[in-house]
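> Just dropping this structure here.
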Amino acid sequence: MNKDAEMRSAINQKLTETGDREHLKELRRTKLIECGWKDQLKAHCKKVIIEKGLEHATIDDLVAEITPKGRALVPDSVNKELLQRIRTFLAQHASI
1 MNKDAEMRSA INQKLTETGD REHLKELRRT KLIECGWKDQ LKAHCKKVII EKGLEHATID
61 DLVAEITPKG RALVPDSVNK ELLQRIRTFL AQHASI
């Protein structure tokens with residue numbers, strides 16, 4: 001395992017142990033709903049299903065089409081806020 005992977009693993013483990021991981025996931029979920037991300041993605045899903053036809057749209061097709069779009073639609077403000085909270089967490093747990 002390389003150094004970056006080890007560091008990510010240690011951070012994830014500490015976030016999980018402290019319960020902050022679940023808190024961050026819930027915060028992300030809330031922020032995405034508030035900014036309309038969920039509704040945008042739902043509309044895109046419907047569009048893909050209509051274009052492909054209900055009988056031809058598979059889950060794998062939807063995942064392949066929706067994943068890049070979903071990532072692109074996440075507002076920078078949501079990513080920045082989560083990153084700042086992770087940085088604060090790391091500063092408080094400097095032993096990681």
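Okay, so the sequence shown: first residue is 1 according to UniProt numbering, each after it adds one. A virtual CB, placed ideally from N, CA and C, is assigned to each residue, including glycine. Owing to the predicted nature of the structure, the values given are computational and were not obtained by experimental measurement.
1. Is the distance from the Cβ of Cys45 to the Cβ of Pro75 below 7 Å?
2. Kindly indicate which residue of Leu32, Arg87, Asp60 has the alpha-carbon position closest to the one of Ala72.
3. Label Leu83 either buried or exposed according to how many other C-beta atoms from any shown protein chain fall within 10 Å of its C-beta, with 16 as the threshold for buried.
4. Whole angstroms is fine: what's the gap from Arg21's alpha carbon to Gly70's?
5. Let me confirm a value: Leu90 is counted as buried when at least 16 other C-beta atoms fall within 10 Å, else exposed. Which label applies?
6. Mind checking whether Ala43 and Ile49 have CB atoms under 7 Å apart?
7. For the alpha helix (DSSP H) that Cys45 lies in, which residues bound it at each end?
8. Look up His23 in the DSSP assignment and say whether it is helix, strand or coil.
Looking at the atomic coordinates:
1. no
2. Leu32
3. exposed
4. 21 Å
5. exposed
6. no
7. 37-52
8. helix
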